[in-house]
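Trainee: Residue numbers (the working numbering): 29 to 333.
Structure below.
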């Protein structure tokens, strides 16, 4: 451990560093918290894409991003703002082969599946549910999180479900959120029909340097801090190490505050961050750049400039 980590461990009580900095709560927890919501430029655009998909009744909307870039935050914000006319089902991590997806879908809408039901019966049960909701003036939205786990066969099965419609109206919408591998799968030649049904898509990129600084200061102030608990040099270094991925920023900042409190310092400087990383308490994995296939060219944050 570095010199700071050896100084006065007794400073750290059960609150870690709350009293030392005067925080009302930890500003950099890993769990999504609406009280700490921060919208970067990329997040605002991604949310606009989700809104556009809902407003236009797009059959398929796809949002991707690396682990920790804020997809769950987007999802929670979207669900909180959803229209009362929407009947929403959520699948967090669907896996399996043919027929398994339909079971996941029915369960997402609390539809009881008979043990003896075959695929045709389950399919008709779902169609009847969608048509019944349409007759009541509702529209059905199915959100699939961690959609990169879906196989090509399952995605094709999903496409077939989008054929449920009534004249010109789309009765059923799918929103897929996943890691970049999802886009790679959709780009495969055998899924070109699926890709053609995707009305709108967005790849959520990490924060730039300016947004990283705004993000850190925003979370500090949300926890009743001053927003100046990190020096600009420390913020710049945190952005460089984290690549602007919010989850990684949170990990580094949380432990940096622990280190600073241990050393009885009121501000995290760049040396504190360096010692934290030198001690190896955080493992850093930087994603490879995403290369989009020409068969699935959709707006990224760069293309939207």
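Glycine included, each C-beta is placed from N, C-alpha and C at the ideal position.
As the structure is a computational prediction, the values presented were derived from the model and not from experiment.
Quick check: the segment 250-266 against the segment 116-125, are there 3 or more CB pairs under 8 Å?
Mentor: No: fewer than three Cβ pairs fall under 8 Å.
Trainee: On the DSSP bridge list, what partners appear for residue 119?
Mentor: Looking up residue 119 in the chain shown gives position 91. Residue 119 is bridged to 172.
Trainee: Taking the CB atoms as reference points, tell me whether residue 201 and residue 87 lie closer together than 9 Å.
Mentor: As a working note, residue 201 is residue 173 in the chain shown. As a working note, residue 87 is residue 59 in the chain shown. For residue 201 and residue 87, yes; Cβs fall inside 9 Å.
Trainee: Check whether the Cβ atoms of residue 154 and residue 189 lie closer than 9 Å to each other.
Mentor: Locating residue 154 in the chain shown gives position 126, where the first residue counts as 1. Locating residue 189 in the chain shown gives position 161, where the first residue counts as 1. Cβ distance < 9 Å, so residue 154 and residue 189 count as in contact.
Trainee: As a quick exercise: from 184, 67 and 312, pick the residue whose alpha carbon is nearest that of residue 224.
Mentor: Translated into the one-based positions of the chain shown, residue 224 becomes position 196. Residue 224 has its Cα closest to that of 184, out of 184, 67 and 312.
Trainee: Indicate whether residue 102 and residue 74 have their beta-carbon atoms separated by less than 9 Å.
Mentor: Within the chain shown, numbered from 1, the residue matching residue 102 stands at position 74. Within the chain shown, numbered from 1, the residue matching residue 74 stands at position 46. Taking 9 Å as the Cβ cut-off, residue 102 and residue 74 qualify as a contacting pair.
Trainee: Using the rule of at least 16 other Cβ atoms within 10 Å of the residue's Cβ for burial, across every protein chain shown, is residue 294 buried or exposed?
Mentor: Counting from one through the chain shown, the residue named residue 294 turns up at place 266. Answer is exposed; the Cβ neighbour count stays below 16.
Trainee: Given this structure, state the Cα-to-Cα distance separating residue 232 from residue 250, to the nearest angstrom.
Mentor: One-based indexing of the chain shown puts residue 232 at position 204. One-based indexing of the chain shown puts residue 250 at position 222. Between residue 232 and residue 250, the C-alpha separation is close to 24 Å.
Trainee: Are the Cβ atoms of residue 180 and residue 205 separated by less than 9 Å?
Mentor: By one-based count along the chain shown, residue 180 stands at place 152. By one-based count along the chain shown, residue 205 stands at place 177. No, they are not a contact pair.
Trainee: Going by beta carbon distance, what residues of the same chain come within less than 7 Å of residue 270, once the five residues before and after it are set aside?
Mentor: Here residue 270 refers to the residue found at position 242 of the chain shown. Once the five neighbours on either side are set aside, the close Cβ partners of residue 270 are 276, 277 and 280.
Trainee: Report the residue from 115, 309 and 56 whose alpha carbon sits nearest the alpha carbon of residue 165.
Mentor: Numbered from its first residue, the chain shown carries residue 165 at position 137. Checked all of 115, 309 and 56; the closest Cα to residue 165 is 115.
Trainee: By alpha-carbon positions, which one of 312, 303, 284 and 304 ends up nearest to residue 49?
Mentor: Taking the chain shown and counting its residues from 1, the one referred to as residue 49 is at position 21. It is 284.
Trainee: Can you list, in chain order, the stretches of the alpha helix (DSSP H) that have 4 or more residues and sit fully within the segment 205-269?
Mentor: Counting whole runs of 4 or more residues, the segment 205-269 contains the alpha helix (DSSP H) stretches 209-214, 220-225 and 237-250.
Trainee: Going by Cα to Cα distance, which pick from 268, 238 and 286 is closest to residue 70?
Mentor: For the purposes of this step, residue 70 is taken as residue 42 along the chain shown, with counting starting at 1. When only C-alpha atoms are compared, the closest one is 238.
Trainee: Judging by CA-CA distance, which residue of 302, 53, 77 and 89 is the nearest neighbour of residue 187?
Mentor: As a first step, residue 187 is located in the chain shown; it is residue number 159 there, counting from the start. Measuring from the Cα of residue 187, the nearest candidate turns out to be 89.
Trainee: DSSP puts residue 167 in a beta bridge; with which residues?
Mentor: Locating residue 167 in the chain shown gives position 139, where the first residue counts as 1. According to DSSP, residue 167 bridges with 114.
Trainee: Among the candidates 286, 83, 197 and 157, whose CA atom is the shortest distance from the CA of residue 56?
Mentor: Residue numbering aside, residue 56 sits at position 28 when the chain shown is read from its first letter. Considering only alpha carbons, the answer is 286.
Trainee: With a 10 Å radius around its C-beta and 16 neighbouring C-beta atoms as the bar for buried, classify residue 175 as buried or exposed.
Mentor: Counting from one through the chain shown, the residue named residue 175 turns up at place 147. Buried, since its Cβ has 16 or more Cβ neighbours within 10 Å.
Trainee: Taking the beta carbon of residue 234 as the centre, do at least 16 other beta carbons fall within 10 Å, making it buried, or is it exposed?
Mentor: Working through the chain shown from its first residue, we reach residue 234 at position 206. So residue 234 ends up on the buried side.
Trainee: Please report the Cβ distance between residue 167 and residue 85, rounded to the nearest whole angstrom; I am assuming they are in contact, meaning their Cβ atoms lie under 8 Å.
Mentor: In the chain shown, counting from the first residue as 1, residue 167 sits at position 139. In the chain shown, counting from the first residue as 1, residue 85 sits at position 57. Residue 167 to residue 85, Cβ: 7 Å. Contact.
Trainee: Within 10 angstroms of its Cβ, does residue 329 collect 16 or more other Cβ (buried), or is it exposed?
Mentor: On the chain shown, residue 329 is found 301 positions in, with the first residue counted as 1. Unreliable positioning characterises residue 329 in this predicted model, as indicated by a pLDDT of 39, which lies under 50. The coordinate reading is nonetheless provided below. Buried, because 16 or more other Cβ atoms sit within 10 Å of the Cβ of residue 329.
Trainee: Considering only residues of the same chain and omitting the five flanking positions on each side of residue 100, which have a CB-CB separation below 6 Å?
Mentor: If you number the chain shown from 1, residue 100 lands on position 72. Same-chain partners within the cutoff: 60.
Trainee: What separation, rounded to the nearest whole angstrom, lies between the Cα atoms of residue 136 and residue 170?
Mentor: Taking the first residue of the chain shown as position 1, residue 136 is located at position 108. Taking the first residue of the chain shown as position 1, residue 170 is located at position 142. When rounded, the distance between both Cα atoms is 8 Å.
Trainee: Report the three-state DSSP secondary structure of residue 280 (helix, strand or coil).
Mentor: Your numbering for residue 280 matches position 252 in the chain shown. Of the three classes helix, strand and coil, the one that applies to residue 280 here is helix, per DSSP.
Trainee: Looking at the unbroken alpha helix (DSSP H) that takes in residue 180, where does it start and where does it end?
Mentor: Counting from 1 along the chain shown, the entry for residue 180 is found at position 152. Unbroken alpha helix (DSSP H) run through residue 180: 180-189.
Trainee: Do you know whose CA, among 79, 44, 77 and 96, lies nearest residue 312's CA?
Mentor: Stepping through the chain shown from its first residue, residue 312 is reached at position 284. When each option's Cα is compared against that of residue 312, the closest is 96.
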